[in-house]
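Note that my numbering gives residue 187 to position 183 of the sequence shown, counting from 1, and the numbers run on in steps of one. Virtual Cβ for every residue (Gly too), placed ideally from N, Cα, C. Notes follow once the structure below has been shown.
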Amino acid sequence: MSSTSLDSSSEVSPIVPPLSVTPMEVPARPRREYKLPTTPVVTIKATKSWLPLNLHQLWTSRELLYFLMWRDIKVRYKQTLLGALWAILQPLVMMIIFAFFFGKLARMPTQGIPGPLFYYAGISLWTFFSNSVMNGANSLFGNTNLITKIYFPRLLIPSAAVGAGVVDWAIAWLLFIPLLAYYGIGLTWKIILILPLSILVTALALGAGILFSALNVKYRDVRYVLPFLLQAWMFISPIIYDSSIIPPEWRRIFLLNPMSGIVNTYRAALFGQWINWWAIGLAAVFTLFLLSASAYAFRRMEKSFAELI
């Protein structure tokens, strides 16, 4: 009885069929087609090597070296009245000053070479060397935007600065032709040594420029110390005097300076004098060592240039 009343009083909820959901049609997105790059992709990998230079990388970047070198030349003489003539005027004015004070007044020996030729040969060579070292040492700071934004062999920057100095030196050489003709100086077979000597002094300037450019990024005092070092280096080199005034007991120490052998051989090749092959050989060995050590130090330090510069 109770069960019947319970069943009759209870309400049975109807069974609701599940709602049918019609799936929405999502329009298909157009497929993107990605094209492969047509330009070569450069993959930068950190490599460990005992070699001081990556010659293959430098060779593949030679066009950039030419661009940086010509850019430095154009910027140097931009908006100047005399332009490239400054490459001749600077050693010419110094030649006149030295020829008057050291030649006419002090009467320092020049080994039978006319005074203006003697001084111009030394000054033009030293002007190229010192300017190349200074420009190479400061080159990284002058290219901050390139270093911090794109990748390329950083060694190209000081190399371009030294290469631009070679052009100035070649322009300064144009004055030698009328000077030699005026003083009646004939050339000998030793003149062929000018080319290897030019390569040697360029390599020496490049080695010093690379070393000081790397040190200049880490130690900012280099930019203040370097001019004094170059000035002292000039006075211990036979630029404004002949090596014959050096006492015999000091000459071996004097020739340990690579610029002594280079300058003496440079004058000897120009004016057909005796050549000290031992001195120029020692200068070549020192230059090779400096260039290799500088390139190795530069390669070890260049990974931090973008952070320190």
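Taking residue i as the reference, which of the options has the closest Cα?
i: residue 220; options: 246, 240, 170, 140; result: 140
i: residue 129; options: 177, 290, 66, 280; result: 177
i: residue 305; options: 222, 248, 269; result: 222
i: residue 64; options: 225, 181, 121, 156; result: 156
i: residue 138; options: 162, 121, 205, 115; result: 162
i: residue 205; options: 166, 78, 122, 307; result: 166
i: residue 191; options: 114, 271, 134, 232; result: 271
i: residue 80; options: 236, 238, 199, 171; result: 171
i: residue 290; options: 277, 311, 259, 276; result: 259
How many angstroms separate the CA atom of residue i from the CA atom of residue j?
i: residue 143; j: residue 136; result: 10 Å
i: residue 299; j: residue 158; result: 11 Å
i: residue 187; j: residue 118; result: 7 Å
i: residue 75; j: residue 256; result: 42 Å
i: residue 302; j: residue 212; result: 11 Å
i: residue 150; j: residue 309; result: 11 Å
i: residue 152; j: residue 175; result: 34 Å
i: residue 54; j: residue 297; result: With a pLDDT of only 49 at residue 54, under the threshold of 50, the placement of this residue in the model should not be trusted; the figure read from the coordinates follows. The alpha-carbon atoms of residue 54 and residue 297 are separated by roughly 11 Å.
i: residue 147; j: residue 154; result: 11 Å
i: residue 293; j: residue 66; result: 24 Å
i: residue 189; j: residue 199; result: 19 Å
i: residue 106; j: residue 276; result: 23 Å
Confirm, please, whether the CB-CB distance from residue j to residue i is below 9 Å.
i: residue 245; j: residue 112; result: yes
i: residue 169; j: residue 132; result: yes
i: residue 230; j: residue 92; result: no
i: residue 242; j: residue 264; result: yes
i: residue 73; j: residue 164; result: yes
i: residue 201; j: residue 125; result: no
i: residue 269; j: residue 197; result: yes
i: residue 279; j: residue 261; result: no
i: residue 160; j: residue 69; result: yes
Taking the alpha helix (DSSP H) that residue i falls in, what are its first and last residues?
i: residue 256; result: 252-258
i: residue 162; result: 160-176
i: residue 76; result: 66-80
Ignore the nearest five residues each way along the sequence and tell me which others in residue i's own chain have a CB closer than 6 Å to its CB.
i: residue 210; result: 166
i: residue 250; result: 258
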